[in-house]
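Only one structure is covered here, and it is reproduced in the block below.
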Amino acid sequence: MDKKLRIAVLFGGRSGEHEVSLMSARSVLSALDPEKYEITQIGITKDGVWMAGENVLDALSKGQTEDENLKQVVIIPDQYHNRIWKIQIEDFAWMLEPLADVDVVFPVLHGTFGEDGTLQGLLELADLAYVGAGVTGSSVGMDKGVFKDVMRANDIPTVESVIVLRSEVEKNIEAVICQAEAVGPYPLFVKPANLGSSVGITKCNNRADLGEGLMEAAAYDRRVLVERGVNAHEIEVSVLGNDAPQTSILGEVLPSREFYSYESKYVDGTSGLLIPAPLPDETAEKIRQMAVTAYKAIDCAGMARVDFFVEKATGEIYLNEVNTIPGFTSISLYPKLWEASGLPYTKLVDRLVELALERKADRDRTERRFRRIS
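Written out as structure tokens, the structure reads:
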């Protein structure tokens, strides 16, 4: 019998998307075949404490992290020991004990401290294989302002926007409102630059809304994006692969509220989805090509869900964002689009693990020491 691959699944985290991560992790864990994988669950609390043990997912879901069966764990940047370490505290001294060896880390962490390159940097230092994009792809994909600049540099259209700082909002909100209104007519959308799942997003129909939206977004990030609202079809495509990414068929989101909000995504699940999206073949193919171009432009790997707007009045296509660790819940669009494309959830998870190992093998080919050429 072949040796099982040892998978560490990370979830939770210090992010406004903590609860979404727990939902995604439950689905991923149910899809990992125990006949193929030896699984270690690592739950990260809202305070950033890494925990392992029986039923750690349930413990985080219930907020019961004081359970004596849970042990504090850590990954250290040690390339020679690919493992999870358990922290033991005796006589005020910290000691590390091996908990589990790891072949692949599967981060199911949305938002800051998980999807933004910080975790990926740690995993690179530890020389571990991991699912998803690397440091560059993760960090650029997360920051909406930087991402838009990269898209413009690659001639990919994005909706007009401006980045403002929390300090500017706090110092002179009236000046920021004037700057934001120069982006375009109302409605305007205000978003934290480094967050997802529609957390902290406000649709602003007037100045009063805009002031409240700026304060709301600034609570979640020091950088705030203000973007022109567009009356558009919301189109999404799933991308899978490393150097030669593939795209799924397209889906159209039908928001049940004014926009595709956190509540409509994860609380009441009332938004609809059309698969395939009812678009002309030429438009659909253009969107797929743009998705791959964007994916490669930020050096993405493993997976991403790429979101577009198709303006109803003009048919203009705008790339909205790339999500490098998209939602993986039972109602999430990323796996739904692949399932509709003929790749079921369990096979999708298997493929992501394969891509992580492929990426690690390619990384291992990189020379780390200077070679003198005579």
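Mind the numbering: the sequence shown is residues 0 to 373 in numbering that gives the first Met the number 0, read in order. By construction, the Cβ of each residue, glycine as well, lies at the ideal position given by its N, Cα and C atoms.
Beta bridge pairing from DSSP links Trp93 with Ile88.
Contact between Gly11 and Gly62 is absent: CB atoms are separated by about 11 Å, not below the 8 Å threshold.
DSSP places Thr345 inside the alpha helix (DSSP H), whose first and last residues are 344-363. Going by C-alpha positions, Leu69 is about 15 Å away from Leu95. The stretch 144-157 makes no contact with the stretch 78-90, as fewer than three CB pairs between them are under 8 Å. Residue burial annotation: Thr365 is exposed, with fewer than 16 other C-beta atoms found within 10 angstroms of its C-beta.
Between the alpha carbons of Lys45 and Glu67 lies a distance of about 18 Å. By the criterion of a C-beta distance shorter than 7 Å, Ala290 is surrounded in its chain by Val236, Val238, Thr246, Val305, once the five residues flanking it on both sides are discounted. With fewer than three CB-CB distances shorter than 8 Å, the stretch 165-174 does not count as touching the stretch 343-361.
As the crow flies, the alpha-carbon of Val19 is around 11 Å from that of Val198. For Gly210, the secondary structure class from DSSP, reduced to helix, strand or coil, is helix.
In the three-state scheme derived from DSSP, where H, G and I count as helix and E and B as strand, Tyr294 is classed as helix. Along the stretch 165-200, the beta strand (DSSP E) occurs as fully enclosed runs of 3 or more residues at 187-191, listed in sequence order. For the options Leu336, Pro275, Thr313, Pro279, the alpha carbon positioned closest to that of Met302 is the one of Leu336. In the structure shown, Leu239 adopts extended strand secondary structure according to DSSP, grouped into three states.
Using a Cβ distance threshold of 8 Å, Gly228 and Lys202 count as a contacting pair. When the Cα atoms are used, Ala243 and Ser60 turn out to be separated by approximately 37 Å. Here Val225 carries a strand assignment [DSSP, helix/strand/coil]. Counting only runs of 3+ residues, the beta strand (DSSP E) found wholly inside the stretch 21-106 occupies 36-43, 49-51, 70-73, 82-89, 92-100, in chain order.
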